[in-house]
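Before any comments, here is the structure.
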Amino acid sequence: MASELQMPIVMMDLRYALRTLRKSPGFTATAILTLALGIGSSAAIFTLLDQVSLRQLPVKDPNRLVLLDWDGDWRGSNTGYSVWSYPWYEDLEEQTGEIFEDLIGRASIPMAIGVSGEAEQADVVLVTGNYFRTLGIGAAAGRVLQEGDNEIPDAHPVAVLTHEYWQDRFGGERDVIGETILLNQNPFEIIGVSQENFRGIDLATRPKVFIPALMKNTVSVGFQRQIYQLDNRRSRWMNVFARLRDGMSREQAQAAIAPIMQAGLEYDLATDLSNMDERGRESYRQARWSQAVDATPGAKGEREA
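Here you go:
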């Protein structure tokens, strides 16, 4: 009974509210605009949170991915987190076959991308040749990068477009395969387009192109060439992800990789200490021996660390 009595009151309130809004069109427009902006902002924030914090990567078995992270002091060209030099990546790949199914490296670098005489600044991701295979990512057109594209430095100027960039810039036309794109004014052949809804393993960025990591010297300009060197063990610029073998936990992998890490540090010490005085050697030795590697969860990508 109470609810039946309340209904006429609700209808009267609603009619009164509508009459008030009609009499104040300026206020009505402002209120509607404010609500629209608030709802739109909330939706955008939730979308970003969903993509960066909640979703896993759209890759094969994301829960078996780990990000290899430095733990401890570092003496080198880059103090950023979770970054390795390319020689360190090669050592890890060669020596961790019993721990990981695959090891991949990637680095996002802003570049000038030129198409048909027009240029724009955007992120380009340098990746190892096994990157797409390890993540289980195929091609929407053409082919993705393969191991053979990343065997010899500066020998394979080939590029894979993200699906999003392909649609936005080229209208999804398949005849883009075989065309040339300029990266920092260097010509690269477009060999393929990555599958839809994949734009890499850092969900906070929107890269447009993938190229082989060993093309780094070709595309590097200015400080990038001087500081982030391809063959320098102390020049750290690449994130390294690994896929755990079946039955291998993160904790087991971290323990198994520790002696490999220490062997690499010993090699570095023997090389680096030759030009230092005794005081410098001891300080450097202590800093190096304080370092270790963490295998952190990688299912949500590079930003999870």
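FYI, the numbering for the sequence shown is -13 to 291, going by this note's numbering. Where a beta carbon is used, it is the ideal one built from N, C-alpha and C, also for glycine. In this text the structure is predicted, and so the values were computed from the model without any measurement.
- prompt: Using the beta-carbon count (16 or more within 10 Å), is T322 buried or exposed?
  reply: Residue 322 is absent from the model: the chain starts at -13 and stops at 291.
- prompt: Cβ atoms of L200 and D140: under 8 Å apart, would you say?
  reply: In the sequence shown, counting from the first residue as 1, residue 140 sits at position 154. In the sequence shown, counting from the first residue as 1, residue 200 sits at position 214. Using a Cβ distance threshold of 8 Å, D140 and L200 count as a contacting pair.
message: I believe V179 touches A108 by the beta-carbon criterion, under 8 Å. Please report the beta-carbon distance rounded to the nearest angstrom.
response: Here the question's residue 179 lines up with position 193 in the sequence shown. Here the question's residue 108 lines up with position 122 in the sequence shown. Incorrect: roughly 16 Å between the Cβ atoms, too far for contact.
Every unbroken alpha helix (DSSP H) inside the segment 183 to 225 [4 residues or more]: For the segment 183 to 225, whole alpha helix (DSSP H) runs of length 4 or above, ordered along the chain, are 202 to 205 and 209 to 213.
- prompt: How big is the Cα-Cα spacing for W152 and T166?
  reply: For the purposes of this step, residue 152 is taken as residue 166 along the sequence shown, with counting starting at 1. For the purposes of this step, residue 166 is taken as residue 180 along the sequence shown, with counting starting at 1. Rounded to whole angstroms, W152 to T166 spans 13 Å at the Cα level.
- prompt: For the putative contact between L227 and V52, defined by C-beta atoms under 8 Å, what is the C-beta separation to the nearest angstrom?
  reply: Counting from 1 along the sequence shown, the entry for residue 227 is found at position 241. Counting from 1 along the sequence shown, the entry for residue 52 is found at position 66. In the sequence as presented, Leu is not what sits at residue 227; that position holds Phe. The pair is a contact, with the Cβ atoms about 7 Å apart (cut-off 8 Å).
Sequence-distant residues of the same chain with beta carbon closer than 7 Å to T348, five excluded per side: A question about residue 348 goes unanswered here, because the residues of the chain that appear run from -13 up to 291.
task: Report the residue from S235, L147 and D161 whose alpha carbon sits nearest the alpha carbon of F86.
output: Walking along the sequence shown from the start, residue 86 turns up at place 100. If we check each option's Cα against that of F86, S235 comes out closest.
- prompt: What are the boundary residues of the beta strand (DSSP E) that includes L43?
  reply: Looking up residue 43 in the sequence shown gives position 57. Neither: L43 is in no beta strand (DSSP E) and is coded neither H nor E.
- request: Note down the Cα distance separating A281 from I213, rounded to an integer number of angstroms.
  value: Position 295 of the sequence shown, counted from the start, is the residue given in the question as residue 281. Position 227 of the sequence shown, counted from the start, is the residue given in the question as residue 213. Each residue's Cα considered, the two are about 26 Å apart.
task: For L40, I'd like the list of residues in its chain whose CB is within less than 7 Å of its CB, leaving aside the five on either flank, ordered along the chain.
output: The residue given as residue 40 occupies position 54 in the sequence shown. Any reading at L40 needs caution, since the residue's pLDDT is 48, under 50, leaving its predicted position unreliable; the model's value is listed next. Here the set comprises nothing.
query: Who are N172's beta bridge partners in DSSP?
result: Walking along the sequence shown from the start, residue 172 turns up at place 186. Paired residues: L169.
query: Taking the C-alpha atoms as reference points, what is the distance between T303 and G83?
result: The question about residue 303 has no answer here: the residues shown for the chain are numbered -13 through 291.
task: Give the secondary structure of G250 by DSSP, where H, G and I count as helix, E and B as strand, and everything else as coil.
output: The residue given as residue 250 occupies position 264 in the sequence shown. The answer is helix: DSSP assigns G250 an H, G or I state.
- prompt: Which same chain residues, not among the five before or five after P48, have their C-beta less than 7 Å away from its C-beta?
  reply: Stepping through the sequence shown from its first residue, residue 48 is reached at position 62. Here the set comprises Q42 and A285.
task: Quick one: using the 10 Å Cβ neighbour count with 16 as the cut-off for buried, is A241 buried or exposed?
output: For the purposes of this step, residue 241 is taken as residue 255 along the sequence shown, with counting starting at 1. So A241 counts as exposed.
message: Classify A239: buried if its beta carbon has 16 or more other beta carbons within 10 angstroms, exposed otherwise.
response: Reading the sequence shown from its first residue, position 253 is the one you call residue 239. The residue in question, A239, is buried, as its Cβ has 16 or more Cβ neighbours within 10 Å.
Residue of N203, V144, E79 and G157 minimising C-alpha distance to R164: What you label residue 164 is simply residue 178 of the sequence shown in a count that begins at 1. The displayed chain sequence assigns Gly, not Arg, to residue 164. Answer by Cα proximity: V144.
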